[in-house]
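Have a look at the structure below, then the notes.
2 protein chains.
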Amino acid sequence: MGTEDKIVSWICRLTVITAFFLVGIVIGWFVRTTHVNHGQTSKSFLRDLLDEMQAENIKQHLRKFTRLPHLAGSQQNLILAEQIRDEWMKFGLDLVQLVPYDVLLSYPNKTNPNYISIVDHVGNEIFNTSLAEPVPEGYEHVKDIVPPYNAFSAKGQPEGDLVYVNYGRTEDFFKLDRDLGINCTGKIVIARYGKIFRGNKVKNAMLAGAKGIILYSDPKDYCAEGVEPYPKGWNLPGGGAQRGNVLNLNGAGDPLTPGYPAKEYTYRYPAEDGVGLPKIPVHPIGYHDAIQLLKNMGGPDPPDNWKGALNISYRIGPGFTAGIEQNKVRMNVHTNNQVTRIYNVIGWLRGAVEPDRYIILGGHRDAWVFGGIDPVSGAAVVHETVRAAGKLMSRGWRPRRTVIFASWDAEEFGLLGSTEWAEDNARILQERAVAYINADSAIEGMYTLRVDCTPSLHNIVYDITKKVTSPEVGEEKMSLYESWHKRDNWTEQNLPRISKLGSGSDFEAYFIRLGIASGRARYTKNSKTERYSSYPVYHSVYETYEIVERFYDPGFRRLEAVARVRGGLIFSLADSVILPLNCEEYASSLNRYANSIYQLAHKHPDAMKQYHMSFDSLFSAVGNFTDAARDIHQRLTHLDTSDALAVRMINDQLMYLERAFIDPLGLPGRPFYRHIIFAPSSHNKYAGESFPGIYDALFDIENAAEPHKSWEEVKRQISIAAFTVNAAAVTLMPVI
Amino acid sequence: MGTEDKIVSWICRLTVITAFFLVGIVIGWFVRTTHVNHGQTSKSFLRDLLDEMQAENIKQHLRKFTRLPHLAGSQQNLILAEQIRDEWMKFGLDLVQLVPYDVLLSYPNKTNPNYISIVDHVGNEIFNTSLAEPVPEGYEHVKDIVPPYNAFSAKGQPEGDLVYVNYGRTEDFFKLDRDLGINCTGKIVIARYGKIFRGNKVKNAMLAGAKGIILYSDPKDYCAEGVEPYPKGWNLPGGGAQRGNVLNLNGAGDPLTPGYPAKEYTYRYPAEDGVGLPKIPVHPIGYHDAIQLLKNMGGPDPPDNWKGALNISYRIGPGFTAGIEQNKVRMNVHTNNQVTRIYNVIGWLRGAVEPDRYIILGGHRDAWVFGGIDPVSGAAVVHETVRAAGKLMSRGWRPRRTVIFASWDAEEFGLLGSTEWAEDNARILQERAVAYINADSAIEGMYTLRVDCTPSLHNIVYDITKKVTSPEVGEEKMSLYESWHKRDNWTEQNLPRISKLGSGSDFEAYFIRLGIASGRARYTKNSKTERYSSYPVYHSVYETYEIVERFYDPGFRRLEAVARVRGGLIFSLADSVILPLNCEEYASSLNRYANSIYQLAHKHPDAMKQYHMSFDSLFSAVGNFTDAARDIHQRLTHLDTSDALAVRMINDQLMYLERAFIDPLGLPGRPFYRHIIFAPSSHNKYAGESFPGIYDALFDIENAAEPHKSWEEVKRQISIAAFTVNAAAVTLMPVI
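Here the protein sequences line up with chains C and E, keeping their order. In this text, residue positions in the first sequence follow UniProt numbering: the first is 1, and each later residue adds one. In this text, residue positions in the second sequence follow UniProt numbering: the first is 1, and each later residue adds one.
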C-alpha cells in the first residue's frame, strides 16, 4: 500500500474505532441511566391494568364477601381478614400483614334488647318498637345479625315528653329555640335521619339539654319515588332502620387512646374521659315505628319543610305522644362499650425505583350486617385491584413507587382501624406518603361518577376517567369522562363536577390529620332529581349482595368503572416519573375558597367596618401561592427527567405540598383536624368546609355574646390561613 | 497477507475496537456518574476549611462587633445586621437576606428609672439601689448602655417585707414552705442568681404568692476565687449586675404570636394574654446593693448552704430589712413592653448536589451591652466560618448540601429571632433540615471544650475534634480531642464528656420543637473546681472585647478551636455522601435514659406495686430501636454509594430520625416542647431533661394530692414514650 493508502486506511480504522468508542460512551451513559432506573410512565402497563380489572371478578368478590355478617370485632370479620390476607399473598403482593388494635367498640346487650316505648299515665308500656328488622329472604337462618342500634349510645331508660326536631341540625335547634320558643331541656327528642351525620344530631340534642334522642328514617329521606321497598325494589322497608355510630370524635380515632395507636401497652383513658362519647341514650327506628311515636303529638305545627312523608298530622310537641296527653316516651338502651380487638389487613407492593414513596389504596372491610354496598362494593374493588396488579407483576412489571393496600376494620365505629394505623405510622407516612385513595362503597346510585378529592388531584382524575369506558348501556363508545361530564357538569368550570372532601370515611386521618393528598370516587345517584339521603337501605339488613346484583349494577359494569378509576389513580401516582399532582389547580381552588369566605364575612358589612376586618393578607397569600404554583410547573417543563436527584427533589416538593397545609396546633377545639384549608364541617361531619377556622369563627357571629372577641377570633383565623397559604407557597419555590 | 495473517490482523483490530468500545462504556458510565454528582466527602476541603479559619481574623471580627452596644431593636443592632449582610455577600454566599419580625420587646423607661428602695416607717426612701453599673474604662462616652433590668418585668411599685429564697428554685420554695414554715404570699422575695434560669425563679416566686422579686449576684456565685474584679481581673465588680429576660415562654417565641411568625399581618394577642409574661415586678441588683437589703434581716437562720458570700449575718426574713423592724422594701419598676422590629440575617450557600438539604449554623447578634462574650465571641466565629467557606468557594468548591448561616436577633428577649424564623419556615425545615449547630458565646471559661448535642452527633463531634489542635499552651502536639479527654473524661464511656441539650439559646425551636438534630460547642471552665455560675461578668457592662483579649483568650486560639469545631461539624454534615449521624449512639443513650427514669420511679417501690407500674413497654421499645439502629448501620456498609437514589433514601432515614421523636401534641402544658426524649427541665430552662414527660409526671409525686391520678399520668407518659421510641425504630427499618 502507498503512504496515502496507509493514511486513508488508518483514518478509516481510527474512524471505526472512534465510532465504536463513542457508541460505547453512549451505551455506558444509558446503561447507567437504566441502572438508576428512572421508570418512565408505563402507559401500556396502565392500559393493561385497567383492562385486567373485570366486572365478573368484582361480582365474584362481592358475592364471596357478603355471605355472612362481618361486624367489626366479630369472629367472622377476623376470618374474612385472614382470607383477604391469604388471597393478597397469592395474588403476589410482597408482604401482607394483619395489624391488630384494641379499640373501644359498642354492642347491644344480647339478653336485654334496646327499644322505645310509649308509656301511659300509670307507666304501662302500651307500645314498643320492634327489636329487629324483618330478615330478607334467603338469610333467614343467618346468625349474628346485630339489631339496629346506635353504637356508643349511653345506657339508660329516660322517660319524658317527646319533641320533634326535624333533622336535628344546628339550624333546626336554632328554629326551635329562637322562633318556636320550644325548650328541649329534659325532653326526649326525635330527629329524622338525613342531611347531616347522625353524631352531629346527637351532639346538638345534648347541647339543647335533651335527655335522649330517637333517630328515625322518614320515607321522604329514605325512599325514592316510584320504587318498591326491598326485595321488590331498592327502597327501605318500613321495618328497616339505619344503624350507625353517634360519636363526635373529630378525628381522634379510638376514644380511649386519642393521638396514639391502641396497642396492648397503650395507656387508655377511663371510659368517662373517652373522646366523643355521647352522654345520652340514642336509638334508631324505622318509619313504621316512628309513626306510632309521632302521630297526634301536641305543640305547634312544624314549618312545612319540616314535615316528613309519614301519614300523620305533624306537630312538634312536647307531649301528647300518640294523641294522649299523659303518654310519655321511654327509651330502653342497654348497649355496652367494650375494648375489642380489630384487624387491619395491610398489603405491600414494593416500588422498583423509589420504594420509600407510598401510595395507599384503603377501604374498610367491617359491615353492620352483610355490607352488600357498604363496604363490600368497595372492598371487592380493592380486591380486584390487588388481583390485577399481581397479574401484571407476574409479567415482570413493578411500579416506580410502593403501593400499600389496606382493608380497614371498625370504620363503622368511628374510622377506628384506619385512624389507629395512621397514628401508628404517622412518622413514616408524613415523610413518605404521596397520596391516599379511599375505597369505601363503590356505588350509592345508578347515574354517574362522583369524585371528592384534593385540588391537586383534579387533573389526574380527569385523565384517568378519559381512559375508562362509560358503564352505561348505550354509551359503549363514550368515555366515563364524557358520560360524567354530560350528566354532572360543573358549570363554572365546564368540567365534570369534583367536590371537596368531607369526612365519614377512612381517608380522614390521612388527609385532615396528616396532610396526604387524598381522594375518593364512587358511582352515585342524580343529585338534581333524587332527593333522598345516601341510598335507601343504607346500614340496614337489606344491604345484600342481591340488591347490587338485581338493582344497582346488574352487569357489574359500574363497579368495574369505579375499580378502574381507583386503580388507575393509584398506579398513575405510583408509576409516573413526575408526580401527577397539579399545584395550579390548588391555587385556583384556594382563590375560590378565599373569595367565598370573604363573601361570607361581607354579610356583616357594618361589623367588618367597625372591627377593621381585612382579608388582604389572605388574598395576598393566595396570590403568592398562585405565582409559586405557576413557576414550579414551568420549571417542570425544563426538568431533565434523566437526572434522578433532580426528579426526586421536585417530586418531594410536589408531595409535601399537601403537608404544608397542616398546622400542628390544629383547629380550635379540634386538635386532630389540622388541615387549614379543609375540615369536616363542625355542623356536619360528612360535609367538607374550606378555610374551616375562619368559617367557624364567623358562624352565627351575629348572635355572639361578645362581638368584639368573636371578630378578634375571625382576625386570628384569617392570619393563620394567610400564613399557612404563604408557607405552602414557599415550599413550591426553588429550594434556594 | 495470508489468510491466517488476515485473521490475526482482524482479531487484532477487533480487539482494539472492542477495547476502545469497552473503555467508552466505562467512560460513559462515569461521565454519567459525574453528572449525577455523588460528591464524595471532600476530606481535603475539610482540612482546608479548618486551616482557613484563623485566630487573628476572629480577633478582628470580635473587635469590630463590640465597639458599641447593640441591643435587640436598637438602631445599632440593625446597622450591625446590614454590615454582616454586606460582608457575607462579599465573602461569596449565594444569597443573604435581612428577615424582619415585629416582636414584643421590653425596655426600661428612660425618664423613670428602675430601682429598689428601703423605706422607713413613714415611707421615706432611706436607701436606693444604684441606677446603673460603673462604666468600664474606655467606654465612658458610649451612649445607649441600657441599665441592668429584667426584660418583661411587670410594672409596679410593690412594697412589703422581704424574704430571702436562696436561688429561688423549686426545692428552695419547698424548703421555705414545708420545713421553715415561711409563707411568701404578699411578700417581696429576694433570690440570688445562679443554678437555674432566672425565669424559673420568677415563676416560682409567683406561684408562692410573692408580689415582687429581686434578683442579685452573690460573690459566691459570680466571683472566682483569687481573681480580681474587672478590669484587674475577670470577676464581677460589686456594682455590676446581670441583665436578662424573665419570661416563661416554653418555646413559644414572640409572646404575642405563639406558634406563628410575627409578621406585619400576623394576629397579636392582647398584652394581657401574652405567653410567659411575669405578672409581678422583677429587678436585678449587684452585691454592693444586695448587702444593704439583706443585712440584719429578721426571721430564722437559713440552712448553711443557703448562705452567700456577702459579709452579713444571714437571716431569711420576713421583715427587719437593714435591721429596723418597720423598714419595708419597695420596688420601683417602670419597664415597658413594646412591639419592636428585629432583624435576622440569613445567608445561603447553595449545595451542589442536594440543594434541598439544609445544614444550619446559627447564633445571635443582639447583646445586652457590648456582648464581648455573649454573643459576639460566637458571632465572630460564625463570621470567620462564612469567610473561610467563601474562600474555598472562590477555589471552585461547593458542599454537597446547602448551608444556611444565621445571625439571630433578640435572643436575649426569649430566643425570639430564631424562634420566629423557625415558625416562619417550619414546613421547609421539617422536610429539608439535616442539622442545626448553635453558635452562641464561644467561650465561658479557659479550661476545655464543652459540647451539648443530640446523641446521633456524638461520633462526628469526636471525629472533628481529632482534626483540631488543642489551643492550650504546651499542648501544641495534642489534638483538641486529646486535651478535652484528659481534662473532662466522661468516666462511664472513657470519652470526652458530651451532655444533653437544655435550652437558653437559639437551638431550642430547631431541636425541641422541630426535631432537627442539634448541637453546640464552646470553651468552658473546669466544672470540678470552678463553682461559680456561668461566667462572672455574664450580661453585665463588663462583657467587653478587652475581657476576652486580656483574660479569656489572649491568643484567640480557644475561639479558633471552637470555630473549627463548629465549622467542621457544619461542613462534614453538608459534604459527606452518607450523613454522619449515628443511630447506635442514639440507641445507647436511650438505653441510659430509660434506666435512669426507671431508677427514679423505683424510689417509690410501694406505689410502683400498688399501681401496677411497669416500664416493660419502654424497655422493649428501646430494644427494638437498638436492633433497628444496628441494622441500618449494617445496611450502610453494603450501600452502593454510586447509586444516587439509594444514597438519598437512606440519608432521608438518617435525617428524619430526630424528627421521629417529635409528638405534635407536645408535652403536657408545653405545646411547643414536642420532643419526647429531650426537653428543658420544667424547673430550670437551662438544663436538659430526658424523657421529660415521665420525669415531670414523677416529680414530687410523693406529695401528690391524688396519688392514683398522678400515677395514672406516669403510666400515660410511659406509654407515649414507648410508642415514640418504637415509631422512631420503624423509621430506621427497611422502607418495605
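Don't be surprised by glycine CBs; every beta carbon is placed ideally from N, CA and C. These figures come from a predicted structure and were not determined experimentally.
Item                                                                                                                                                                                : Value
When the Cα of Gly390 (chain E) is compared with those of E:Leu93, E:Val99, E:Glu354 and E:Asn250, which residue comes out closest?                                                 : E:Leu93
Rounding to the nearest angstrom, what Cα-Cα distance links Asn37 (chain C) and Val353 (chain C) in this structure?                                                                 : With a pLDDT of only 35 at Asn37 (chain C), under the threshold of 50, the placement of this residue in the model should not be trusted; the figure read from the coordinates follows. Using only the alpha carbons, I get a separation of about 6 Å.
Within the chosen definition, does the region 504 to 514 of chain C reach the region 545 to 557 of chain C through at least 3 CB pairs nearer than 8 Å?                             : no
Would you tell me roughly how many angstroms separate the C-alpha atoms of Val165 (chain C) and Gly298 (chain C), rounded to the nearest one?                                       : 13 Å
Within the 7 Å Cβ cut-off, does Ser418 (chain E) reach chain C?                                                                                                                     : no
By the 10 Å Cβ neighbour count, where 16 or more other Cβ atoms means buried, how is Gly276 (chain C) classified, buried or exposed?                                                : buried
Determine, using beta-carbon pairs with one atom in the region 322 to 337 of chain C and one in the region 374 to 387 of chain C, whether at least three such pairs fall under 8 Å. : no
Leu501 (chain C): which of C:Arg450, C:Ala646 and C:Asp463 sits nearest, CA to CA?                                                                                                  : C:Arg450
Buried or exposed for Gly39 (chain C), going by 16 or more other Cβ atoms inside 10 Å?                                                                                              : With a pLDDT of only 39 at Gly39 (chain C), under 50, the local geometry of the prediction cannot be trusted, and no value is derived from it.
List the whole-angstrom C-beta distance separating Asp652 (chain E) from Asp356 (chain C), where the pair is believed to meet the contact cut-off of C-beta under 8 Å.              : 7 Å
Using beta-carbon positions only, say whether Ser533 (chain E) and Gly194 (chain E) come within less than 7 Å of one another.                                                       : yes
State yes or no: is the beta carbon of Gly199 (chain C) nearer than 7 Å to at least one beta carbon in chain E?                                                                     : no
Measuring only the C-alpha atoms, how far is Ile182 (chain E) from Leu176 (chain E)?                                                                                                : 5 Å
Strictly below 7 Å CB to CB, what residues from chain C border Trp10 (chain E)?                                                                                                     : The contacting residues do not exist; Trp10 (chain E) stays about 12 Å from chain C at best.
If you check the beta carbons only, do Pro281 (chain C) and Val333 (chain C) fall under 7 Å apart?                                                                                  : yes
Looking only at its own chain, which residues have a Cβ that is under 6 Å from the Cβ of Tyr358 (chain C), when we skip the five neighbours before and after it?                    : Thr402, Ile404, Arg432 and Ala433
What number of angstroms, rounded off, separates the C-alpha of Val31 (chain C) from the C-alpha of Ala563 (chain E)?                                                               : Caution is warranted here: a pLDDT of 47 is assigned to Val31 (chain C), below 50, making its placement in the model unreliable, and no coordinate value can be reported.
For Lys715 (chain E), go through chain C and note every residue whose CB falls closer than 9 Å to its CB, in chain order.                                                           : Tyr267
Among the candidates E:Asp218, E:Ile214, E:Glu560 and E:Ile312, whose CA atom is the shortest distance from the CA of Tyr538 (chain E)?                                             : E:Asp218
Is Trp711 (chain E) close to chain C, meaning its C-beta is less than 7 Å from at least one C-beta of that chain?                                                                   : no
For the alpha helix (DSSP H) that Phe619 (chain C) lies in, which residues bound it at each end?                                                                                    : Asp616 to Thr637
Span of the beta strand (DSSP E) holding Lys609 (chain E)?                                                                                                                          : Per DSSP, Lys609 (chain E) belongs to no beta strand (DSSP E); it is in the alpha helix (DSSP H), Pro605 to Gln610.
My output table needs one value for Leu215 (chain E): the three-state DSSP class, helix, strand or coil.                                                                            : strand
Using DSSP bridges, identify the partner residues of Ile364 (chain C).                                                                                                              : Correcting the residue type first, residue 364 (chain C) is His in the shown sequence and not Ile. Paired residues: C:Trp408.
Do the CB positions of Lys187 (chain C) and Asp221 (chain C) come within less than 7 Å of each other?                                                                               : no
What runs of the beta strand (DSSP E), each 3 residues or longer, lie entirely inside the UniProt domain "PA" (159 to 247) of chain E?                                              : 162 to 164, 188 to 192 and 212 to 216
Please report how far the alpha carbon of Asn425 (chain C) lies from the alpha carbon of Ala727 (chain E), in whole angstroms.                                                      : 7 Å
Apart from the five residues just before and just after Asp397 (chain E), which ones in its own chain have a Cβ nearer than 6 Å to its Cβ?                                          : According to the sequence shown, residue 397 (chain E) is Trp rather than Asp. Same-chain partners within the cutoff: Phe45.
Please return the same chain residues whose Cβ sits closer than 8 Å to the Cβ of Leu49 (chain E), not counting the five positions on each side in sequence.                         : Ala388, Ala389, Leu392, Gly567, Gly568 and Phe571
When you compare only the Cα positions, how much space is there between Gly347 (chain C) and Ile428 (chain C)?                                                                      : 16 Å
Is there a C-beta anywhere in chain C that falls below 7 Å from the one on Gly347 (chain E)?                                                                                        : no
Of all the options C:Glu423, C:Ser483, C:Ala379 and C:Phe413, which has the alpha carbon lying nearest to the alpha carbon of Ser407 (chain C)?                                     : C:Ala379
Ile720 (chain C) touches chain E at which residues, Cβ-Cβ below 8 Å?                                                                                                                : Tyr260 and Tyr267
Just how far apart, CA to CA, sit Cys12 (chain E) and Ile11 (chain C)?                                                                                                              : 17 Å
Does the region 575 to 593 of chain E come close enough to the region 620 to 633 of chain E to have 3 or more Cβ pairs within less than 8 Å?                                        : yes
Are the beta-carbon atoms belonging to Tyr149 (chain C) and Thr340 (chain C) less than 7 Å from one another?                                                                        : no
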